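Take the position in the sequence shown, starting the count at 1, then add 113; the result is the number in our numbering.
Ideal placement from N, C-alpha and C gives every residue a C-beta, glycine not left out.
Owing to the predicted nature of the structure, the values given are computational and were not obtained by experimental measurement.
Structure first, then comments.
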Amino acid sequence: MDAKMKEIILNKHNTLRAKMAQGFGGFPPAQRMPTLVWDDELATVASFNARRCKFRHDNCRNTKEFKYSGQNLAMARFRGKAVNPDERAAFFLQKWFDEYRHCPKSIIAKFPFSYKGPQIGHFTLMMNDRVWKVGCSMVRYKSGKWTNLFFVCNYSMNNILGRPVYTGGKTASKCQTGQNAKFKGLCSTKEKV
Numbered sequence: 114m115d116a117k118m119k120e121i122i123l124n125k126h127n128t129l130r131a132k133m134a135q136g137f138g139g140f141p142p143a144q145r146m147p148t149l150v151w152d153d154e155l156a157t158v159a160s161f162n163a164r165r166c167k168f169r170h171d172n173c174r175n176t177k178e179f180k181y182s183g184q185n186l187a188m189a190r191f192r193g194k195a196v197n198p199d200e201r202a203a204f205f206l207q208k209w210f211d212e213y214r215h216c217p218k219s220i221i222a223k224f225p226f227s228y229k230g231p232q233i234g235h236f237t238l239m240m241n242d243r244v245w246k247v248g249c250s251m252v253r254y255k256s257g258k259w260t261n262l263f264f265v266c267n268y269s270m271n272n273i274l275g276r277p278v279y280t281g282g283k284t285a286s287k288c289q290t291g292q293n294a295k296f297k298g299l300c301s302t303k304e305k306v
């Protein structure tokens, strides 16, 4: 993962988190949503899963620091024309976020023990206010005539059943280290959870 792609991944995550933290789409604003920062160990562990070239969550993604890490996966298959991995990473992140369209607002206050509906877990993990670090990996591999891009992001925390995805209230009112000047609505990069 080169520096350019890391920056794309962080900027896209934080732009979308800032949008949600300010009360986007009728969702409640977030009292304390940290700015995501990169974690090399989470990225390394994500690369172990990506290099298996199997579109499956792994069961071994925790690190010494993060005992309850979450994970989002995406894959694209194409023939012929090459796909730009940087653009595809941003596309995957946007697709995860777009699950907000199917997410009942009540889930933000309490992640359900049981849910039967369209996929929302990628979105809720991206917006989780207990997440402050992320590490991702992408691999390109051939399968017959197809070229595949497999994208894995590991997060410092997972969604927790029965707990809020994030705490609603006045935007950034509970940030302990101040707000981020670039990503309005998020806490500063010094905010740790």
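Asked: Could you give the first and the last residue of the continuous beta strand (DSSP E) run that contains Trp-345?; Found: As displayed, the chain neither begins before 114 nor continues past 306, which places residue 345 out of reach and without an answer.
Asked: Do Cys-249 and Met-114 have their beta-carbon atoms positioned less than 9 Å apart in this structure?; Found: yes
Asked: Below 8 Å on the Cβ atoms is my guess for Gln-144 versus Gly-298; work out the distance and round it to an integer in Å.; Found: About 10 Å separates the two Cβ atoms, so there is no contact after all.
Asked: Could you name the residues that DSSP lists as bridge partners for Pro-147?; Found: Cys-300
Asked: Contact check, Thr-128 vs Asn-293 under 8 Å by CB: the rounded distance?; Found: Between Asn-293 and Thr-128 the Cβ distance is about 11 Å, and since that is not below 8 Å, they are no contact.
Asked: Look at Arg-243 and Ser-269 and say whether their C-beta atoms are less than 9 Å apart.; Found: yes
Asked: To the nearest angstrom, how far is it from the Cα of Ala-156 to the Cα of Arg-201?; Found: 17 Å
Asked: Is the beta carbon of Val-278 sitting closer than 9 Å to the one on Ala-222?; Found: yes
Asked: Which residue marks the beginning of the beta strand (DSSP E) containing Ala-187, and which one marks its end?; Found: 183-191
Asked: Rounding to the nearest angstrom, what Cα-Cα distance links Leu-123 and Gly-275 in this structure?; Found: 28 Å
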